[in-house]
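Structure record follows, encoded as structure tokens.
Numbering (full-length UniProt numbering), first residue to last: 1 to 134.
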């Protein structure tokens, strides 16, 4: 595996294993070669007050593991339960694939991959919540 490559904009911040790193004045690329590094782009971070829907709450929980605020092993069962709850609502094949990917990622302690898979559900959740019964 070649690792994760981050392309950073000028002054963009990223959280790596709990440390905030800020890019300089130019675009740059970082290659993360450590397989178990916890990475979170701060521009993609969900703030606590934004974790106000089911998918956003599970994304936020994965994000807390990436930031080092929560131990992934301690939170594994809770994450799996939350993903299972989402599977009761998101029944289409694309959503099921994202949820399966998130589940596999949690089981392999890859919370970055879990967060990425769950983020794919955010636009669909937004559409579902925008539909109001008449």
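All residues carry an ideal CB built from backbone N, CA and C; glycine is no exception.
Counting Cβ pairs, one atom from each stretch, are 3 or more of them under 8 Å apart for the segment 45-59 and the segment 69-85?
The segment 45-59, when compared against the segment 69-85, does touch it at the 8 Å Cβ threshold.
With a Cβ-Cβ cutoff of 7 Å, do residue 66 and residue 40 count as a contact?
Yes, they are a contact pair.
The alpha helix (DSSP H) enclosing residue 87, as first and last residue numbers
72-87
Below 8 Å, can you find three or more Cβ-Cβ pairs linking the segment 86-94 to the segment 14-24?
no
Give me the Cα-Cα distance between residue 19 and residue 5, rounded to the nearest whole angstrom.
17 Å
Cα-Cα separation, residue 178 to residue 114:
No statement about residue 178 is possible, as the shown extent of the chain runs from 1 to 134 and does not include it.
Just the Cα atoms here: how many angstroms apart are residue 154 and residue 131?
This structure cannot speak to residue 154, because the chain is shown only from 1 to 134.
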